[in-house]
Amino acid sequence: MNEAVSCPNASTFYLLQDLTDELALVDVIEDKLKGEVMDLQHGSLFLKTHKIVADKDYSVTANSKVVVVTAGARQQEGESRLNLVQRNVNIFKFIIPNIVKYSPNCIILVVSNPVDILTYVAWKLSGLPRNRVIGSGTNLDSARFRFLMGEKLGIHPSSCHGWVIGEHGDSSVPVWSGMNVAGVSLQGLNPDIGTDKDKEDWKNVHKMVVDSAYEVIKLKGYTSWAIGMSVADLCETILKNLHKCHPVSTLVKGMHGVKDEVFLSVPCVLGNSGLTDVVHMTLQPDEEKQLVKSAETLWSVQKELTL
10 MNEAVSCPNA STFYLLQDLT DELALVDVIE DKLKGEVMDL QHGSLFLKTH
60 KIVADKDYSV TANSKVVVVT AGARQQEGES RLNLVQRNVN IFKFIIPNIV
110 KYSPNCIILV VSNPVDILTY VAWKLSGLPR NRVIGSGTNL DSARFRFLMG
160 EKLGIHPSSC HGWVIGEHGD SSVPVWSGMN VAGVSLQGLN PDIGTDKDKE
210 DWKNVHKMVV DSAYEVIKLK GYTSWAIGMS VADLCETILK NLHKCHPVST
260 LVKGMHGVKD EVFLSVPCVL GNSGLTDVVH MTLQPDEEKQ LVKSAETLWS
310 VQKELTL
C-alpha cells in the first residue's frame, strides 16, 4: 500500500490512522520537505508505517494507490477560491502528468483550491477515467455543517445528518430538505428552515460554514487540521474499501439539470476502485436551482481556461 501526499498535516493523520505502509511526500521546497520528513521519521517508533520518504522528483511516488494533491498557491485573506484558479492550473500542468507517469493505476484525490475546477483540470490532464479522479469537495463543508448543527441542537455531530453539496466555496448548497436527527426531518418540524422566514435562523448556520475558512485564515493564516482530517477520512474509505458515502467532487453533467462539463460535490460511494456510485438525492426545486447556479458559476471561469 503506497500513498503520495504533499501536505504534512494530512500526512500526520494518515500515519496515526495506520492507512498506509509507505508514505511519500513531494514538494518543490527541498529544505522544508527534508525537515517535514525528518520530523515524521523521528516518530516512527510510535507508528506502524514501514517507510516514509520524500523527494522533489516524482519517481519517489511510483506505484502509488492513492495520490493526494494539495500543491498550489495558498489562498490569501479575503481571496475567493475561484481567484486562485489560473495560478494553480499552471502548477497542475506540471504535477498531474508526472503523477500519471509513475502511477498510471492510481486514484487521484485533489484538495488544492478551487478544488472543483482543479479536479476537472486534473481529470483532463491525466487522461484517467472519471471514477479515479476525485475532489475533496464539500466533505469538509458538510462536516462543518454537522458540527454547527450539533452546536445549535446540543447533539453530537455524528447524530446530526445534513449535506452541503455543489461548489466547495461561496455558492455551496445546503440541503435543508435532508437535515434530520434520528430520522426526524428538521424541515418537517420547521417548514421555513433555511429561508428568510425562518425564526430559528438556520440560514446563518450555512453562512458560518461558508465564512469559516476565511475566518480561520484571518486568525492563523491558513487552514490545516480540519482539512487534514477530512482528507484522511476519504483516504481511509478508499484504501480500506469501505464503500462509505461522502460528498465529493465528481463530473455532474446530466445530473440535477446541470448541462455543462463541471465537477461539483454530490453524495458518492467510494471504494478501492475510486468512485463506485453516485447517490441521486431528491432535491427541492430551489435546491436544484442553486446547484445549477453553482455549476454556472464554475463554468463561467472554467470555459476560459487554457489547458
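Add 9 to a position in the sequence shown, counting from 1, and you land on the number used in my numbering. Just so it is clear, CB atoms sit at the ideal spot from N, CA and C, and this is done for glycine as well.
When the alpha-carbon of Ile226 is set against those of Asp64, Lys65, Glu305, Ser89, the nearest one is in Ser89. With contacts defined by Cβ atoms closer than 8 Å, Ser274 and Ile174 form a contacting pair.
In the structure shown, the three-state DSSP call for Ala71 is coil.
Here Pro138 is not near Leu93, since their CB atoms are 8 Å or more apart.
Between the region 129 to 144 and the region 154 to 166, the count of Cβ pairs shorter than 8 Å is below three; the stretches do not touch.
The Cβ-Cβ distance between His252 and Thr291 does not fall below 8 Å. As DSSP reads the structure, Gly280 sits in a beta bridge with Gly283. Proximity of the region 71 to 86 to the region 107 to 124 meets the contact definition, three or more beta-carbon pairs being nearer than 8 Å. Here Leu42 is actually not in contact with Ile61; their C-beta atoms are around 12 Å apart, not less than 8 Å. Around the CB of Asn97, 16 or more other CB atoms lie within 10 Å, so the residue is classed as buried. In this structure, the CA atom of Trp234 is about 10 Å from the CA atom of Thr21. When C-alpha distances from Asp66 are compared across Glu39, Gly283, Val310, Asp295, the shortest belongs to Glu39.
Per DSSP, the continuous beta strand (DSSP E) segment holding Leu32 begins and ends at 31 to 35. Here Ile117 is near Ile108, since their CB atoms are less than 8 Å apart. The continuous beta strand (DSSP E) containing His255 extends over residues 253 to 260. Across the structure, Met264 and Ala191 are spaced so that their CA atoms are roughly 28 Å apart. When secondary structure is reduced to three states using DSSP, Lys312 falls in the coil class, being assigned neither helix nor strand. Per DSSP, the beta bridge partners of Leu273 are Thr259. For Lys65, no alpha helix (DSSP H) segment is defined, and its DSSP state is neither H nor E. With contacts defined as CB atoms closer than 8 Å, Val219 and Asp179 qualify as a contacting pair.
Within the region 130 to 218, the beta strand (DSSP E) runs of at least 3 residues that lie entirely inside it are, in chain order, 142 to 144.
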